[in-house]
Every structure is written in C-alpha cells, then in structure tokens.
Amino acid sequence: MSDPATITAPYFRAGAIDALPELMSEHYRLRYQVYCLERKFLPAANFPEGLEIDDFDRHSVHVGAIDAWGTLAGTARVVKVTAAGPGLPIFQHCRIFAEETELLDPDNTVVEISRLSMSRGYRRRHEDGPRERRDVRREVFLTLLKAIYQATKRLSATHWLVATETSLQRLVAQYGFPFRVIGPECDYGGPVSPYLMNLLQFDQVILSRRLPDLDDFVVGLEPQYWPCSNRTPQALRVGDARRFPGRLVESL
Numbered sequence: 043m044s045d046p047a048t049i050t051a052p053y054f055r056a057g058a059i060d061a062l063p064e065l066m067s068e069h070y071r072l073r074y075q076v077y078c079l080e081r082k083f084l085p086a087a088n089f090p091e092g093l094e095i096d097d098f099d100r101h102s103v104h105v106g107a108i109d110a111w112g113t114l115a116g117t118a119r120v121v122k123v124t125a126a127g128p129g130l131p132i133f134q135h136c137r138i139f140a141e142e143t144e145l146l147d148p149d150n151t152v153v154e155i156s157r158l159s160m161s162r163g164y165r166r167r168h169e170d171g172p173r174e175r176r177d178v179r180r181e182v183f184l185t186l187l188k189a190i191y192q193a194t195k196r197l198s199a200t201h202w203l204v205a206t207e208t209s210l211q212r213l214v215a216q217y218g219f220p221f222r223v224i225g226p227e228c229d230y231g232g233p234v235s236p237y238l239m240n241l242l243q244f245d246q247v248i249l250s251r252r253l254p255d256l257d258d259f260v261v262g263l264e265p266q267y268w269p270c271s272n273r274t275p276q277a278l279r280v281g282d283a284r285r286f287p288g289r290l291v292e293s294l
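Sequence positions in the sequence shown follow this note's numbering and run 43 to 294.
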C-alpha cells in the first residue's frame with residue numbers, strides 16, 4: 043500500500059473485486075449512496091442496511107476503480123446470462139425494437155453493464171485542496187471502463203448491453219465506444235434507452251490508436267484477450283499488438 047503522504051493526486055487501478063469481501067461491501071454501500079441517496083432512482087427504505095443488492099448480483103462480475111489508499115473510488119457490474127439465473131435485468135424494464143436481430147444470434151455472448159457508480163463526495167474530497175488539480179471523475183470513469191472491458195474479455199463476451207441516459211451515451215461516445223440504440227426510452231432507474239455495442243467493433247477503435255486513452259485498456263490483460271483485427275483474428279493478434287506502445291509488445 044502506498045503512503046498517502048507521498049502521493050500528490052489519486053491514481054487508480056482496475057480489477058474484479060468479487061473475491062475481496064471488504065471491497066464488495068464498499069461496492070454495495072456505494073451503489074446505495076448513488077442510486078438511493080444521491081440520484082433517488084431506488085427507494086432507500088428497501089435497503090435498511092444501506093447496501094443496495096439484488097438477485098442479479100449472484101450472476102455478475104463486479105469491478106472497481108481502486109485508489110492508492112485502497113478505497114473503492116468507483117464501481118460497476120457485468121451481469122451474465124447463466125442457466126440458473128434470471129437473465130438480464132434490462133429485459134424486465136426496456137422494450138427492444140422488433141427489427142433487432144443481433145441479440146438473437148446464438149454465436150453472440152451478450153452481457154449487461156449496470157450499476158456504474160461513483161460518489162460525488164469522493165470527487166469533492168480528492169479534487170479540492172492545495173495539491174495539483176486533476177479530473178478525478180474522468181480518471182475513475184476511464185478506469186471503470188477498462189475494468190469492465192477486461193472482465194468482459196475474460197468472459198469471452200461479444201456484446202455489451204446497457205441502459206443509459208443520453209448524456210452518458212454522449213460521454214462514452216467521446217471515448218470511441220460504438221454503441222447504438224436498440225429500443226425506445228423507458229423508465230429503468232430513471233429515463234434511459236437500451237444500447238448495444240459489438241466488442242469486436244470497439245477492438246478496432248483500440249487498434250486504430252486514434253484515442254490514446256484506450257491504449258491502457260490492454261495493460262494487464264492477458265495476450266489471448268487482446269483486441270485483434272476482424273480479418274483473421276488469431277493469426278493477426280501478434281501483428282496487431284505491435285501497434286500498441288513498446289511495453290505491450292515486449293510482453294509477448
């Protein structure tokens with residue numbers, strides 16, 4: 043653990059937190075704070091212990107952005123479709139356009155990304171003060187997206203399904219995420235629309251190197267899950283890797 047006295051600004055690492063009980067408790071508390079207290083999407087009275095948990099959590103991978111002090115600065119979950127599970131929560135709230143067929147392809151593995159949370163109080167604590175200012179919200183957001191990307195790659199997922207408000211979609215579009223709307227607006231923790239993203243298309247954005255922030259998404263990811271060309275995926279993986287910074291190529 044780093045000494046806070048030697049750190050001038052927060053830095054974050056991405057990862058799954060399911061095997062870390064203390065961080066999982068923070069995860070559920072943070073969800074309660076954001077979804078029940080701050081945004082009031084869910085009734086706080088339904089969670090008397092201050093932990094926002096539902097039936098889908100048993101069928102999810104939970105990820106976080108963890109700061110230099112070991113605090114969970116942001117969190118999200120990846121909901122999987124399992125034989126014993128309830129499916130994906132989005133289908134209980136949102137309608138999908140009748141002409142949408144990509145979700146029905148048996149070769150696709152679709153996961154739902156939800157409960158993305160970051161406390162407003164955390165941002166205020168770490169953005170105020172005499173030290174060098176940094177956009178903590180942006181750092182945490184990108185770290186969470188990296189954590190989600192790596193977790194879904196390890197699950198061999200092919201598509202992300204999300205229900206988000208228009209403002210959040212504009213934000214992720216700035217980072218090159220090729221989501222497309224697949225249904226009308228609905229009430230799912232507030233007014234949102236369902237969106238779908240093909241991970242192979244996002245891999246091409248990473249490989250293009252036009253958005254340097256995305257280079258870091260591959261750092262820490264096992265080479266077999268790295269983005270590859272959509273021409274002959276396995277054969278071109280090493281060649282595509284050479285388009286990343288030197289530290290990635292050296293790890294081959």
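Where is the CB? At the ideal position from N, CA and C, for every residue including glycine.
Bear in mind that the values here come from a model prediction, so they are computed numbers and not experimental data.
What I want to know is whether the C-beta of residue 213 ends up closer than 7 Å to one or more non-hydrogen atoms of the ligand ADP. Absence of the ligand ADP is noted for the structure shown, with no ligands found whatsoever.
Hey, quick one: how far does the alpha helix (DSSP H) through residue 68 stretch, first residue to last? 63-73
Is the distance from the Cβ of residue 93 to the Cβ of residue 74 below 8 Å? yes
What does residue 120 pair with, by DSSP beta-bridge criteria? 103 and 155
My understanding is that residue 28 touches residue 224, with C-beta atoms under 8 Å, so please give their C-beta distance in whole angstroms. Residue 28 lies beyond the stretch modelled for the chain, which goes from 43 to 294, so this question has no answer here.
Using only the alpha-carbon positions, how far apart do residue 219 and residue 142 sit? 19 Å
What does the Cβ neighbour count give for residue 268, buried or exposed, with the cut at 16 atoms within 10 Å? buried
Does DSSP put residue 236 in a helix, a strand or coil? strand
If contact is defined by three or more beta carbon pairs under 8 Å, each pair taking one atom from either stretch, is the stretch 111-125 in contact with the stretch 207-214? no
Residue 96 to residue 198 span [Cα, whole Å]: 24 Å
With 16 as the cutoff for other CB atoms within 10 Å, does residue 147 come out buried or exposed? exposed
Decide if the stretch 123-131 is in contact with the stretch 77-87; the criterion is three or more beta carbon pairs, one per stretch, under 8 Å apart. no
Alpha carbon to alpha carbon, how far is residue 153 from residue 58? 15 Å
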